[in-house]
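One gets the numbering used here by counting positions in the sequence shown from 1 and adding 129 to each.
These notes are about the structure you will find just below.
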Amino acid sequence: MTVSAEPTAALSAAAERVLASWTASAAADTAGPDLGPVVLATLVPDGQVPRDAIRAWLRTGNRRRAGLGLFGGMSGILAGLRLVATRYPNVVDAAERTAVAVATAEPRWRTSELGFDDYDVVLGSAGVVLAQVTGVLPVRQEWLAPAVTHLVGLAESTTGFRIGAFAGHPLVGWAQGGVVTGLAHGVAGPVAALSMAMPHLPGDARVADAVHRLASWLVSQRCADERGVMSWPARGTSAGCVGEVRRQAWCYGTPGVAWALWAAGQMLVHGGHDGGALCAVATEAMETLCAAYDPDFHLTDEPLAACHGAAGMLLVADAFTRHAGLPAAAALRDTLTGHLVQRLDELPELDATLLSGATGVLAALLTAAGGDRGWLPCLAMY
Numbered sequence: 130m131t132v133s134a135e136p137t138a139a140l141s142a143a144a145e146r147v148l149a150s151w152t153a154s155a156a157a158d159t160a161g162p163d164l165g166p167v168v169l170a171t172l173v174p175d176g177q178v179p180r181d182a183i184r185a186w187l188r189t190g191n192r193r194r195a196g197l198g199l200f201g202g203m204s205g206i207l208a209g210l211r212l213v214a215t216r217y218p219n220v221v222d223a224a225e226r227t228a229v230a231v232a233t234a235e236p237r238w239r240t241s242e243l244g245f246d247d248y249d250v251v252l253g254s255a256g257v258v259l260a261q262v263t264g265v266l267p268v269r270q271e272w273l274a275p276a277v278t279h280l281v282g283l284a285e286s287t288t289g290f291r292i293g294a295f296a297g298h299p300l301v302g303w304a305q306g307g308v309v310t311g312l313a314h315g316v317a318g319p320v321a322a323l324s325m326a327m328p329h330l331p332g333d334a335r336v337a338d339a340v341h342r343l344a345s346w347l348v349s350q351r352c353a354d355e356r357g358v359m360s361w362p363a364r365g366t367s368a369g370c371v372g373e374v375r376r377q378a379w380c381y382g383t384p385g386v387a388w389a390l391w392a393a394g395q396m397l398v399h400g401g402h403d404g405g406a407l408c409a410v411a412t413e414a415m416e417t418l419c420a421a422y423d424p425d426f427h428l429t430d431e432p433l434a435a436c437h438g439a440a441g442m443l444l445v446a447d448a449f450t451r452h453a454g455l456p457a458a459a460a461l462r463d464t465l466t467g468h469l470v471q472r473l474d475e476l477p478e479l480d481a482t483l484l485s486g487a488t489g490v491l492a493a494l495l496t497a498a499g500g501d502r503g504w505l506p507c508l509a510m511y
């Protein structure tokens, strides 16, 4: 897809409207900083609106933070600072101090009876790894070590990721006793995070072994639904796919898991290991989804968003286009771009968060149109 300057300018203008609105309300917001505004502000051309948004985001950094997580915790501050420092070098020192603070903090990650916040991308140790590799600033092995060591330890067996903290939980009780597969809250997240750490940990066989072991388990869990889509159940099972799998998004199902397998295969190959079979499974799965993808069927709750909706699917299709050269993914990327552009007038109804809101939608569109990809580790991508 060749994007002309005019559509890109229209996206930047829409982004500035979202940023200006968020900045105006940021002072009264008592929540901790979300990555969405700072990601979007670093994707549009430098100017007064993105500068004001970045300043407002930096001021929110001392507000309520929950742990070390990438979304709502210290790692989110770190990822944002690493992005801002790319544009404003005077922020580099603050980013490095925060990297040290995250790496030396006392984590509360459990090694048994897990919850999502012990390992996942959103709240857990996988997100901590991803924050350290966001942007283009140098990455130090000692900054990665605590979270990587924790994930590698869990990965000695896939049962190391078994959920034990959600008995009776009204929202995530379905995960209790199982091993979750998806990219946001499942094993695919650590697979992607460890894979993206591998270039910064050359020769570390523990990490390569962990990636291969977890990715192989994901391959063993694949199944075909009644639409012919190679997919993954929300949690590991021997029952396979049942009926038509509607929940296909960045966070669960084929898009996120296929991407994690592709990233794992590529990083293993680049590290001198056997990863070609993982890439083959990933591209096959993505091709089956592209062939059957139906926005009216597959887009359910939060249909525009990065986490559950079209924006996240767009980013995965774009990544498979750029990195795997997949024609079917390029066609789906074009379809989803049009789908989202036609709905830009719905963005004021959304919040400003990266995963669920308008900033994520616009960040996806700008990135697919050729924008900087340095923020994508925040979504376990590149």
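Beta carbons are placed, not taken as given, at the ideal position from N, Cα and C, and that holds for glycine.
A straight-line Cα-Cα distance of about 19 Å links Ala497 and Thr412.
As summarised for the segment 379-428, the continuous alpha helix (DSSP H) elements at least 4 residues long and confined to that stretch are 383-399, 405-421 and 424-427, given in chain order. For Leu212 against Trp504, the beta-carbon gap comes to about 6 Å, under 8 Å, which counts as contact. In the DSSP assignment, Ser360 forms a beta bridge with Cys352.
Cβ contact annotation for Arg335 (same chain, cutoff 6 Å, sequence separation greater than five): Val281, in chain order. Gly190 and Ile206 have their C-alpha atoms some 7 Å from each other.
Three or more beta-carbon pairs separated by less than 8 Å link the segment 381-392 to the segment 347-367, which places the two stretches in contact. Judged by DSSP in its simplified three-state form, Leu479 adopts coil rather than helix or strand.
Under the three-state reduction of DSSP output, Val262 falls in the coil class, being neither helix nor strand. Straight through space, the alpha carbons of Leu172 and Leu300 are spaced by roughly 34 Å. For Leu243, DSSP records a beta bridge to Ile292. In this structure, DSSP gives Val173 a state outside helix and strand, which the three-state scheme calls coil.
A residue is called buried once 16 or more other Cβ atoms fall within 10 Å of its Cβ, and Ala420, having fewer, is exposed. Here the alpha carbon of Asp447 sits roughly 23 Å from the alpha carbon of Glu145.
Where Arg462 is concerned, the enclosing alpha helix (DSSP H) starts and stops at Pro456 to Val470. In the three-state DSSP reduction, Val309 falls in the strand class (E or B).
Excluding five sequence positions before and after Ala294, the CB atoms of its chain that fall closer than 7 Å to its own CB belong to Glu242, Leu243 and Gly244, given in chain order. Here DSSP, grouped into helix, strand and coil, assigns Trp346 to helix. Each residue's CA atom was taken as its position, placing Ala414 and Gly400 some 24 Å apart. In the three-state reduction of the DSSP assignment, Arg237 falls in the coil class. Under the three-state reduction of DSSP output, Thr366 falls in the coil class, being neither helix nor strand. DSSP places Asp333 in the coil class of the three-state scheme, outside both helix and strand. With 16 or more neighbouring CB atoms inside 10 Å of its own CB, Trp391 falls in the buried class. Taken in chain order, the whole alpha helix (DSSP H) runs of length 4 or more contained in the segment 197-239 are 203-216 and 221-233.
Contact between the segment 448-462 and the segment 484-493 is absent: fewer than three C-beta pairs spanning the two stretches fall below 8 Å. In this structure, the CA atom of Asp338 is about 16 Å from the CA atom of Ala255.
With respect to Gly311, Ile292 sits apart: the two C-beta atoms are not nearer than 9 Å.
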